[in-house]
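Undergrad: The following block contains the structure, expressed as C-alpha cells.
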Amino acid sequence: PLMNKEVLSVTAMKGNDFITDLTDADHIMVHYADKTKDIFTISPKDSQVKQVKEYSVAELGEVVYTPNMVVKDRADLISAIEGILSPI
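See the structure below:
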C-alpha cells in the first residue's frame, strides 16, 4: 500500500499511544489520501549521518523511516539559559 497510495502523514506511536518524543517510538501510523491507514513496527537503525535518526520498518523490508528531526546537543544552550534565568 505504501508504494501505491498517496501518503498524507506519518505519526509516531509507542504501543497504541501517539507520542511527540520520537526516541520512544516503536510504531508509525501512516495515513493515506483514501482515508485508510496502516500501522508499522519500527526499530532504531544506524544512520550514516550522526544527527539524523533512522528507523527500520519491519513489515517493509528495506524501507527506512526518517522522521523530520535532527538530533542536536543543546547542553550549552541549556546552561546559558539556566544562567540567565537563575536570578529570577
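Under our numbering, the first residue of the sequence shown carries the number -6, and numbering increases by one thereafter. Just so it is clear, CB atoms sit at the ideal spot from N, CA and C, and this is done for glycine as well. Nothing here was measured: the structure is a model prediction, and the numbers come from that model.
Asp14 by DSSP, collapsed to three states: which one?
TA: When secondary structure is reduced to three states using DSSP, Asp14 falls in the coil class, being assigned neither helix nor strand.
Undergrad: Only counting the same chain, and skipping five residues up and downstream in sequence, which positions put a Cβ closer than 6 Å to that of Ser72?
TA: none
Undergrad: What are the boundary residues of the beta strand (DSSP E) that Leu53 is part of?
TA: Here Leu53 belongs to no beta strand (DSSP E), and DSSP marks it neither H nor E.
Undergrad: Does DSSP put Ser72 in a helix, a strand or coil?
TA: helix
Undergrad: Classify Ile77 as helix, strand or coil using the three-state DSSP reduction.
TA: helix
Undergrad: Take Pro6 as the anchor and find which of Lys(-2), Asn(-3), Pro80 and Ala18 has the nearest alpha-carbon.
TA: For clarity, residue 6 is Met in the given sequence; the question names Pro instead. For the residues Lys(-2), Asn(-3), Pro80 and Ala18, the minimum Cα distance to Met6 belongs to Ala18.
Undergrad: Spatial neighbours of Ser49 within its chain, please: C-beta separation below 6 Å, excluding the five flanking residues on both sides.
TA: Ser36 and Lys38
Undergrad: Would you tell me roughly how many angstroms separate the C-alpha atoms of Gly8 and Thr34, rounded to the nearest one?
TA: So the two alpha carbons sit approximately 10 Å from each other.
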